[in-house]
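Trainee: Here it is, the structure in full.
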Amino acid sequence: LSFLQERLRYVLVLLLLLPGTDSFYVPGVAPINFHRNDPVEIKAVKLTSSRTQLPYEYYSLPFCQPSQITYKAENLGEVLRGDRIVNTPFQVSMNVEKKCEVLCNFPNKPVVLTVEQSKLIAERIREDYYVHLIADNLPVATRLEFYSNREEEEKKKEKDVQFEHGYRLGFMDGNKFYLHNHLSFILYYHREDVEESQEHTYRVVRFEVIPQSIKLEDLKADEKSMCTLPEATGSAPQEIDPTKENQLLFTYSVHWEESDIKWASRWDTYLTMSDVQIHWFSIINSVVVVFFLSGILSMIIIRTLRKDIANYNKEDDIEDTMEESGWKLVHGDVFRPPQYPMILSSLLGSGIQLFCMILIVIFVAMLGMLSPSSRGALMTTACFLFMFMGVFGGFFAGRLYRTLKGHRWKKGAFCTATLYPGVVFGICFVLNCFIWGKHSSGAVPFPTMVALLCMWFGISLPLVYLGYYFGFRKQPYDNPVRTNQIPRQIPEQRWYMNKFVGILMAGILPFGAMFIELFFIFSAIWENQFYYLFGFLFLVFIILVVSCSQISIVMVYFQLCAEDYRWWWRTFLVSGGSAFYVLIYAVFYFVNKLDIVEFIPSLLYFGYTALMVLSFWLLTGTIGFYAAYMFVRKIYAAVKID
């Protein structure tokens, strides 16, 4: 013990001796200090297009290559996103200007693109591809200036500035293709405060680019790889003719500017790309609507229930021979196990697994641990958490399976561990084959796929079995009433008690609470935006849980009042009704917002959308099911039954 105390004291002293820092930095994302003339490495991430949804690696196009190409070791999230971070031949030094320099080594000898390469570049320009570079882990952005709809006088003074991720590969004018072959890098640095005797240190705080297309003849290059940029008015752009060989020069210039932006807030530029005010209004609107509706629902349900319970218990006291009616009538059948209890408990187990994963990921991201600066961290965390949450999924599934009079726990555990993940893996594998066919970097490499399979069968499966074993051994859920031997007949139901009508009615409230957030999430996934508003998302998630639970309780109450006791599966299906609206919204988004025309991008969009809808249905169905189950047990426990 004394040894441990000594060790702790030693660690504390070390921590106290560490130099104080101004800001809180997320682990693994510490600032890099540069001195003047230090090399600032510029790396390429990938090429993306919201029209094709297929990322490609940087050197899939004939750009200038360094003498030795080295790829960065990547985490799981980066690989799944299609990032292939690689070095580039750009030579940039801290606070050293460059007017214009030729990128490939032979200035007198222009780069010759073959017909195939020219065709490929022209195709990528037509498909609206963007190039993504990073310097000191900061992504490059293109500044867009435009006048907002203000008064005429104000227009002259002030332009609105927005930033676009990456830069356009080129542009089209009529049927002609033009390539951006000159890049003007503008890097902003923040000068750090140091003591007088020490040399100044700098930190990179912004990385912008102005891409230009300049014809070979207008770029005058000399022996030393220097070049002269033409006057802005007199230069012609560099055309790429896909029918013949093309000659061109790749050039770049570097300009440094001092900035007041601190290192800790250097990502703000990239994250304030969408209007946050819309967000606030939508969230407040959702909160007010949901809590108002839920207040009304709760009041109605609680008042009606109290009246019901009082009446039922009064009838018992008077020993009235009146015919029972309403939900008390089905007390002998309400806990009768449903059909396919193993599949139901397996799906609910996966729902619990998803719920725990999403809750933890959003919470950790809200604390700033999964910021966009740590690339791929969100996806990696989500994958690992889903695997490790298998123990909770297994526990809840095992206990429910035992409550539903199931006996084959090993088969049940296997079903829980493989049903939902198997569907996800199957769809992803089929989509991956199509992406492979397109030679896109978005295709998951075979070793990564094997690693994911090993995680599934090596981590998730044993943990699900472990949880299932303990859940199955635990006392089953205590049902307050006994089940009759003979099932009672169910009266004919009204049209509005139909399953599909229920799904449509139950989905509106939860979907209405979150559809604005859905727009931002879709933009992040399909239009290469950064999604970072996890505080909002956490709030929306809580609203979703509350609204799903309440809708589910109301629906199960109406069903039992109609003397229909087959509520197990129905509650699970109906509570996931908002997933149906998410599907409709995804189709609307595809038609109105995205410019996708080809078959494979459309297939990818709808394949991934199907996965999202399935996962969302499992999540909301599970929340609704457990809320309804608790409610049913509560109300039958409150009634005196002979």
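In terms of mature numbering (1 follows the signal peptide of the UniProt record, and there is no 0), the sequence shown is residues -23 to -1, 1 to 619.
Just so you know, even glycine gets a beta-carbon here, dropped at the ideal spot from N, CA and C.
#1: Three-state secondary structure (DSSP) at W594?
#2: What is the DSSP secondary structure of F602, reduced to helix, strand or coil?
#3: Leaving aside the five residues before and after residue 631 along the sequence, list all residues of the same chain whose C-beta is less than 6 Å from its C-beta, in chain order.
#4: If I follow the unbroken alpha helix (DSSP H) through S95, where does it start and stop?
#5: When you compare the CB positions of K532 and A483, do they come within less than 7 Å of one another, or not?
#6: Would you tell me roughly how many angstroms separate the C-alpha atoms of W233 and P116, rounded to the nearest one?
#7: Based on Cα-Cα distance, which residue from G435, Q30, G326 and Y454 lies nearest to F312?
#8: Counting contacts by CB-CB distance shorter than 7 Å, is W544 in contact with chain C?
#9: For F369 and F269, I'd like the C-alpha separation in whole angstroms.
#10: Over the uninterrupted alpha helix (DSSP H) stretch that includes P39, give me the two end residues.
#11: Go to N223, then tell me how far its beta strand (DSSP E) extends in each direction, as first and last residue.
#12: Using a 10 Å radius around the Cβ and a threshold of 16 neighbouring Cβ atoms, would you call K20 buried or exposed?
#13: Can you name the start and end residues of the alpha helix (DSSP H) that R58 belongs to?
#14: Taking Cβ positions, are G371 and Y378 nearer each other than 7 Å?
#15: Quick one: what does DSSP say E494 is sitting in, helix, strand or coil?
#16: Mapping DSSP to helix, strand and coil, what is K611?
#17: Excluding five sequence neighbours on each side, which residues of the same chain lie with their C-beta closer than 7 Å to the C-beta of K76?
#18: Starting from the Cα of G353, find the closest Cα among E51, D195 and V17 and give me that residue.
#19: Is the separation between the beta-carbon of V421 and that of N409 shorter than 7 Å?
#20: Looking only at its chain, what residues have a beta carbon closer than 6 Å to the beta carbon of M356, apart from the 5 residues adjacent to it on each side?
#21: Just to confirm, is the Cβ distance from E78 to S202 under 7 Å?
#22: Looking at V89 and the ligand COA, is the gap between the Cβ and the nearest heavy atom below 6 Å?
#23: Check each candidate in D310, S524, F549 and M71 and name the one with the smallest Cα separation from Q466.
#24: Buried or exposed, going by whether 16 or more other CB atoms sit within 10 Å of the CB of L440?
#25: Classify H159 as buried or exposed, calling it buried when 16 or more other Cβ atoms lie within 10 Å of its own Cβ.
#26: Going by DSSP, name the residue or residues bridged to Y11.
#27: Does the beta-carbon of D(-2) have 16 or more other beta-carbons within 10 angstroms, so that it is buried, or is it exposed?
#28: Per the DSSP calculation, W233 is bridged to which residue(s)?
#29: Let's test the definition: count the other Cβ atoms within 10 Å of the Cβ of V171 and tell me whether it reaches 16, buried, or not, exposed.
#30: When DSSP labels each residue in this structure, what does N288 get in the three-state scheme?
Mentor: Reading it off the structure:
#1: helix
#2: helix
#3: In the structure displayed, the chain extends from -23 to 619; residue 631 sits before or after that span and is not available.
#4: V92 to R103
#5: The sequence given here places Met at residue 532; Lys does not occur at that position. In contact: M532 and A483 (Cβ atoms closer than 7 Å).
#6: 16 Å
#7: Y454
#8: Of the chains in the structure shown, none is chain C; there is only one protein chain.
#9: 33 Å
#10: Element bounds for P39: n/a, residue is neither H nor E.
#11: N223 to L225
#12: buried
#13: L53 to R58
#14: no
#15: helix
#16: helix
#17: S230
#18: E51
#19: yes
#20: G54 and L57
#21: yes
#22: For the ligand COA, the structure offers nothing, since it holds no ligand at all.
#23: D310
#24: buried
#25: buried
#26: First, the residue type needs correcting, since residue 11 is Phe and not Tyr in the sequence shown. DSSP lists Y179 as partners of F11.
#27: For D(-2), the predicted structure reports a pLDDT of 34, less than 50, and the residue's modelled location is therefore unreliable. The matter cannot be settled from this model.
#28: L164
#29: exposed
#30: helix
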